[in-house]
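All residue numbers for the first sequence refer to numbering that gives the first Met the number 0, where the first residue is 0 and numbers rise by one.
Working notes, beginning with the structure itself.
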Amino acid sequence: MNKRAIGFEVVASEGEARAGVLTTRRGRVETPVFMPVGTLGTVKGTRFEALEAADTDARIILGNTYHLWLRPGAEVISACGGLHRFTGWERALLTDSGGFQVWSLGALRKITEEGTRFRSHVDGRLCFLSPEVSMQVQAALGSEIVMAFDECAPGDAPHDAARESMLLTARWALRSRREFDRLQREEADAGRVGESHLPEGSNLSGAQALFGIAQGAGHSDLRRESLSRTVEIGFDGYAIGGLSVGEEKGVMYRVVEELAPQMPRESPRYLMGVGTPEDLIECVARGVDMFDCVLPTRNGRTGQAFTARGKLNIKNARWARDARPLDERCACQVCRRHSRAYLRHLFTAGEMLGSILLTHHNLAFFLDTMRRVRQAIRSGDFTRFRREFTEGLVSGVA
RNA sequence: GCAGGGGUGGUCGAGUGGUUAAUGGCACCGGGCUGUAAACCCGGCGGGUUCACACCCUACGUAGGUUCGAAUCCUACCCCCUGCA
């Protein structure tokens, strides 16, 4: 009775930090969790085997509505049985709604009450994305977690503009909710999981889950209002959007610190698009359960490694003869096998393996960091962990 | 040997009397990247002093010369390429 799309249970907490278990129709996800970004049906620069390997063990990754809608198109993916079967990724997926592209594609779009008119960045043709279309595409993708279609204001948006944007997001949230429910009733969800294949004892419905998003830029009152409007509609989880989009350093921590404790305790809290290793720790400490960010993959691809002692630019000449691994305390496949000198050589030679290996290390570092965060919270040791981790980051790569 | 063509900064290659320390490309060096229009983007790149503006020195095969001024014109020499013997 009363089956839900996802389950969420907090198993330990320390201050605002929480350790929990998110149960999806495609597996359990321990939180706090970092979700690698797989915009176009691929986590760039890595293979699913590598994402599933013991040193990474990603349980959930992202996909993007806007990008997959443009190419290959929702029809292609639903014809192939949804995004899981299309890509071969059998674990959980969260799809972003395309709301972020409304912001990041800037000049290529025009926003109206009805939705957003885009110039496709692929071929220039005019496209129209609305809450309804976004829900339809995400149903065709068949992800475990669907994001509401929102509008992300610039990080430094003044109060009136931010309020207008936030209210539009609230209206779009309601429309997202209604269209999502209609699509679930009509069984449009391409990723639906039969009862016999659901995680044992999970008591799930096998349907998709829908998350709402709070906006409001850096304005505390707008953030509060946005959250209460979102909670009023009712979602399976709640996200904080519109951070790390150009706002002043420190605004993000303040907004998260004020907002997360007000979010429903029984639901997962997702901070969208964040962040650096330090951001992850600091926002876990403020009550966030879920994160995603392109940093480990993008920066890995472009030559920057994240380590326990801070960032390392593998292209620098100083590593040319360095036989040590990227991070001497890292147990990932790359650090167990390859030297900085070799990785630098691959980058200077323009060999794609360099990007692949740094991407893997970065993902392993992020995911392992989150594993350690969960252990620390469960053992009541998070405060010390946080302090030591932060000290390590600023100590500098030798 | 004769006749043409050519020798430019790490490299390839523009420039044929005056904002020329010298366009570009590559190489090299450094920086950036936060719900991915990104295997990408930006900057530096003769040496020295200076926080900086700026200043000084050395540079277009070698050595001379013409000129207010030369990588650019003239002379000699050295070297390379092509063709003919």
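Think of the CB as a built atom: it goes at the ideal place given N, C-alpha and C, for glycine as much as any other residue.
| Query | Result |
| --- | --- |
| Which value, in whole angstroms, describes the spacing of the CA atoms of R308 and I232? | 43 angstroms |
| Please classify A307: does DSSP put it in a helix, a strand, or coil? | coil |
| Just checking my contact of P198 with G26 at CB under 8 angstroms: how many whole Å lie between their CB atoms? | 6 angstroms |
| Which ranges would you report for the alpha helix (DSSP H) in the segment 311 to 343 if only whole runs of at least 4 residues count? | 332 to 336 |
| Can you confirm whether the segment 104 to 117 touches the segment 76 to 93 when touching is taken to mean that 3 or more C-beta pairs between the two stretches lie within less than 8 angstroms? | no |
| For V136, does the count of other Cβ atoms within 10 angstroms reach 16, so buried, or fall short, so exposed? | buried |
| In chain order, what are the residue ranges of uninterrupted beta strand (DSSP E) at least 3 long that sit wholly in the segment 221 to 265? | 236 to 239 |
| Looking at the secondary structure, which residues open and close the beta strand (DSSP E) in which S403 lies? | Since the first residue shown for the chain is 0 and the last is 397, residue 403 is missing from the structure and cannot be characterised. |
| Under a three-way DSSP split, which group does M271 fall into? | coil |
| So, is H359 buried or exposed, given that buried needs 16 or more other C-beta atoms within 10 angstroms? | buried |
| Under DSSP, the beta strand (DSSP E) around S397 begins and ends at which residues? | The identity of residue 397 in the sequence shown is Ala, whereas the question assumes Ser. That residue, A397, is in no beta strand (DSSP E); it is neither H nor E in DSSP. |
| Just the Cα atoms here: how many angstroms apart are T306 and D326? | 6 angstroms |
| Identify every residue that forms a DSSP beta bridge with E29. | V20 |
| Counting pairs of beta carbons, one from the segment 92 to 102 and one from the segment 56 to 69, are three or more of them closer than 8 angstroms? | yes |
| Is T368 near P276, with beta carbons less than 8 angstroms apart? | yes |
| Which word fits D122, buried or exposed, when buried means at least 16 other C-beta atoms lie within 10 angstroms of its C-beta? | exposed |
| Compute the Euclidean distance between the alpha carbons of T347 and K314, then round it to the nearest angstrom. | 7 angstroms |
| For K2 and A206, what's the separation of their Cα atoms in angstroms? | 10 angstroms |
| Of the residues L362, V255, C334 and E257, which one's Cα is nearest the Cα of G299? | L362 |
| Buried or exposed: G105, going by 16 or more other Cβ atoms within 10 Å of its Cβ? | exposed |
| A447: which of W318, E89, P71 and R328 sits nearest, CA to CA? | Outside the modelled stretch of the chain, which goes from 0 to 397, sits residue 447, for which no answer is possible. |
| Can we say the segment 333 to 348 touches the segment 5 to 25, given the rule of at least three CB pairs closer than 8 angstroms? | no |
| Would you check if the segment 182 to 198 and the segment 140 to 148 touch, i.e. whether three or more CB-CB distances between them fall below 8 angstroms? | yes |
| Per DSSP, which one or two residues make a beta bridge with C292? | P35 |
| In the structure shown, what three-state DSSP assignment does R176 receive? | helix |
| Given this structure, state the Cα-to-Cα distance separating L356 from R184, to the nearest angstrom. | 44 angstroms |
| Tell me the residue span of the alpha helix (DSSP H) that contains L357. | M351 to R377 |
| Across the segment 145 to 162 and the segment 232 to 250, are there enough close Cβ pairs to call them in contact, namely three or more that are closer than 8 angstroms? | yes |
| By Cβ distance, which residues of its chain are closer than 8 angstroms to N202, with the 5 residues on each side in sequence left out? | K2, R3 and G6 |
| By the 10 Å Cβ neighbour count, where 16 or more other Cβ atoms means buried, how is F127 classified, buried or exposed? | exposed |
| Pull the bridge partners of G211 from the DSSP assignment, please. | Y237 |
| Going by the beta-carbon positions, is the gap between L294 and F33 smaller than 8 angstroms? | no |
| Taking only runs that begin and end inside the segment 55 to 80, name each unbroken alpha helix (DSSP H) of 4 or more residues, in chain order. | 64 to 69 and 73 to 78 |
| Quick one: using the 10 Å Cβ neighbour count with 16 as the cut-off for buried, is L82 buried or exposed? | buried |
| Put C151 into one of helix, strand or coil per three-state DSSP. | coil |
| CA-CA distance, S378 and F384? | 11 angstroms |
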